[in-house]
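Chains as they are written, first to last, in UniProt numbering: chain V, 1 to 787; chain S, 1 to 161.
Glycine residues also receive a C-beta, built at the ideal position from the N, C-alpha and C atoms.
Accompanying notes for the structure given below.
The following block contains the structure:
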């Protein structure tokens, strides 16, 4: 049994107390004396030329401080992109400028044109009505394939076309893959879309800019998953503010799911305007604005081909994807359909030859970037769908076909450039079949049939690359940043500890789970340990939280810093106990001399460090504070088997999810309660994608799903209770905790399991349906059954 | 501007509001009771649920002026008198019924309204009642569990975590 509050225990979350009593401090709860309110005026057309903006009437309205337009941002940089992809011909991607406020043209519904700043939000809104903006509408670019045709309207006049890049991976394999597919016993082909989604964290984005003219210091309070990244991008590339004059604070953040990774124009605006107006400037997104300004996710159109021998052994895989970038390149957008997608196309299988082609395309839509899973759901969806289709075409049970092709020897170098360190895919598959009572499925299906319903069971096995990422590797792949993480462990004189981490918690419970790790290492009660995050003035430079990296990378930095603390504390203890350093042991918060009853408490050692009267000053410095930066040696590779059981009403096409089972291998677990919660949330988002969520544009580029009235967020009555298991454990071999990451798995493995289940149900009902694009709404399912 | 007076969490408060000022804005901006959250602009998400004269109300759908003279309870008024968590709040912590915490105040207020109407709701009844509250983090599994546990029901029989 793990110790309560230590590693492995389901310790209750300390942060819950403030959230449950209304004491959380989110960015919108921050109000600074004298602040003004910003209201963004956004384009209501998808594509157009701005002829003129007349702000004279608006500027005369009550309370208005100023109306800002692009001309106020002359000399200010554009919102930068953090990743440069090189195409298959060795050329850099096309990278358009992304101005803070639209310059000359608007390129998507929601593109900001002007900002009114006034004493109250109501005054700003009223004045915005008085702005006279003249725009000539242009033909919008919406369909990705049409966008690449010769003579197509261009989203950016200064680019040669709407193609951001044409990426091939691994380019050297291209011909060998073509040959293998040509000569194969059987090739299964599938064309599909991965539907566009909106991340929709429940807290809309907020930015509050503040400027202290006495020392030329800027502070930005913002809803970010990575305040240091915002400081770097905004300071260095947009506003030209050096880091030591720019503090970025991301306090309690109400969910992120990727959408709060990126540097957004509104952050730069509020920081800029606070100095220009010499007063704090606050912007709070409405949900309607969020739909047309938060980066969207997914939006791939794909053709995948899987070649097999007569026994169903995978010989080669070829996949061709069009990935929507939207109108501008969001911070990490180019990396998502490439390095976070192509590298996962081996899945759990020994497929020896793989070629991935991705064409990234500019369109007159909101920029698309990482959303929970980021590239890995897109890879897993197409792979697990084509494997399921192949099983049916080959007459092999889908479980059996997967098992025949599972990787069983580790480490395993895939043909798409990554090396899986550990895994046991048969173990998670076994667990799934057991927990979902797979053996009893036929009886349940017969029961459904009696009731006039079609029951189906679908499986997906996933792999993901988490713990992002080795800096030297991502540098070679085009990242304009390192992806290490940092921690400072500050031990106070009385023995309590503050850990300043560069990771950021926005629902993941770091304040609890990170404290569990340090508590376990030192042996003092977790209540004596505070986790501090979300403030560039407090934490060392860190890269933040995304890609299921916090514990694997940030936790590893914390472990390394704590090890340094323990090493130094042992030296102090050895001095106090008059023993050799090598004989000192730390257990349960006390240092003892091995084989004796001589002991000194943690608090006595920490006190000695800060009141060094009896202290080896000639050998070591006073104080007890250490920092570590940890750069991972590899990605981590969580994996799992997911199973979904559905019932389809043949009269209406309505799909009901009866049960969902997730059997994961996350390596070692620090807090199983939190891990299960992460999986539940991921499953809900994946089931949401597969069942109801869809971000839709009409043929004029108008966003049809622009509110919760139109974009179907999963609600309590859309989802079942989940069965989750993480008892299959193959620890990560290259980080000190042996952890792999659990934040995205649920959203990665669930969409293909659900679609496979519906196809299974329909085929059992005698319908020759091999694919339906997500979301599987009743009308789509009904139409497929009746076509 | 109109002067409004109401009782919020047992205390009489008053303020001057515009006709268009929403109750959610009055609570957050005037009274600085920032536990009531605003997550949408179409009265769909339920992060702003409070109790007005004992009934659960989305504070973004009601004008502050309409609440003149009313008895309002917000998340800040839900803990026990000694500051400890109430049964519902404690159940949310015990069953990990929250992650980022943003939807949580609305969830707790809605749960309290449900249990007042229906002291022993079934899983289906809980899910139906939560229809107006959106959570993006938890997948609702642990929220449903927490609410059923708060009603005194044994939740160990609910599907394995």
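Query: Would you list, in chain order, the members of the stretch 196 to 215 of chain V that have their beta-carbon closer than 9 angstroms to a beta-carbon of chain S?; Result: 199, 200, 201, 202, 203 and 204
Query: Residue 94/S versus chain V: which residues are under 9 angstroms apart at the beta carbon?; Result: 12
Query: Please compile the residues from chain V whose C-beta is within a distance smaller than 9 angstroms of the C-beta of residue 55/S.; Result: What residue 55/S touches in chain V: nothing, since even the nearest Cβ is about 19 angstroms away.
Query: At the 9 angstroms Cβ level, is residue 64/S part of the contact set with chain V, yes or no?; Result: no
Query: Write down the C-beta distance between residue 653/V and residue 779/V rounded to the nearest angstrom, noting that I regard them as a contact closer than 8 angstroms.; Result: 6 angstroms
Query: Could you tell me which residues DSSP pairs with residue 490/V in its beta bridges?; Result: 498/V and 625/V
Query: Rounded to the nearest angstrom, what separates residue 150/V and residue 196/V at their Cα positions?; Result: 25 angstroms
Query: Taking CB distances under 9 angstroms as the criterion, tell me whether residue 511/V reaches chain S.; Result: no
Query: By the three-class DSSP mapping on this structure, what secondary structure does residue 767/V have?; Result: coil
Query: Taking DSSP as the reference, what is the three-state secondary structure of residue 560/V?; Result: helix
Query: Can you name the start and end residues of the beta strand (DSSP E) that residue 358/V belongs to?; Result: 353 to 362
Query: Residue 681/V to residue 6/V, Cα distance in whole Å?; Result: 24 angstroms
Query: Residue 138/S to residue 593/V, Cα distance in whole Å?; Result: 47 angstroms
Query: Give me the subset of the stretch 676 to 698 of chain V whose CB atoms are less than 7 angstroms from a CB atom of chain S, sorted by chain position.; Result: 676, 677, 680, 681, 683 and 684
Query: So is residue 30/S in contact with chain V if we call contact Cβ pairs under 9 angstroms?; Result: no
Query: My guess is that residue 202/V and residue 134/S are in contact by the Cβ rule of under 8 angstroms, so how many angstroms apart are they, rounded?; Result: 7 angstroms
Query: Would residue 100/V and residue 76/V be called neighbours here (beta carbons separated by less than 9 angstroms)?; Result: yes
Query: Between which two residues does the alpha helix (DSSP H) containing residue 713/V stretch?; Result: It is not in any alpha helix (DSSP H) - residue 713/V carries neither H nor E in the DSSP assignment.
Query: Please classify residue 32/S: is it buried, with 16 or more other beta-carbons within 10 angstroms of its beta-carbon, or exposed?; Result: exposed
Query: When you compare the stretch 168 to 180 of chain V with the stretch 386 to 397 of chain V, are there three or more beta-carbon pairs, one atom per stretch, that lie closer than 8 angstroms?; Result: no
Query: What residues from chain V crowd round residue 154/S, counting only those whose CB sits closer than 7 angstroms?; Result: Within 7 angstroms Cβ-Cβ: nothing; residue 154/S doesn't reach chain V, min ~15 angstroms.
Query: For residue 79/S, decide whether its Cβ has a neighbour in chain V, counting only Cβ atoms nearer than 9 angstroms.; Result: yes
Query: So which residues on chain V does residue 45/S lean against when the C-beta distance must stay under 7 angstroms?; Result: 202 and 708
Query: Tell me whether the beta-carbon of residue 138/V lies closer than 9 angstroms to the beta-carbon of residue 105/V.; Result: yes
Query: In chain order, what residues of the same chain lie with their CB nearer than 8 angstroms to the CB of residue 160/S, ignoring the 5 residues before and after it?; Result: Residue confidence for residue 160/S is low, a pLDDT of 48 falling below 50, so the modelled location carries little weight; the figure read from the coordinates is stated next. Answer for residue 160/S: no residue qualifies.
Query: Taking Cβ to Cβ, would you say residue 713/V is nearer than 9 angstroms to residue 136/S?; Result: yes
Query: For chain V, check one thing: does any of its Cβ atoms lie closer than 9 angstroms to the Cβ of residue 2/S?; Result: no
Query: Name the DSSP beta bridge partners of residue 194/V, please?; Result: 300/V
Query: Quick one: does residue 72/S have its CB under 9 angstroms from some CB of chain V?; Result: no
Query: Whole angstroms is fine: what's the gap from residue 734/V's alpha carbon to residue 335/V's?; Result: 24 angstroms
Query: Looking at residue 81/V: is its Cβ nearer than 9 angstroms to the Cβ of residue 372/V?; Result: no
Query: Would you tell me roughly how many angstroms separate the C-alpha atoms of residue 170/V and residue 79/V, rounded to the nearest one?; Result: 31 angstroms
Query: For residue 220/V, list the residues DSSP reports as bridge partners.; Result: 209/V and 248/V
Query: Report all residues from its chain with a CB closer than 8 angstroms to the CB of residue 665/V; omit the five preceding and five following residues, and keep chain order.; Result: 423, 424, 427, 428, 638, 639, 640, 726, 728, 729, 730 and 740
Query: Which two residues bound the contiguous alpha helix (DSSP H) that contains residue 89/V?; Result: No alpha helix (DSSP H) contains residue 89/V, which DSSP labels as neither H nor E.
Query: Please report the distance separating the alpha-carbon of residue 111/S from that of residue 758/V.; Result: 33 angstroms
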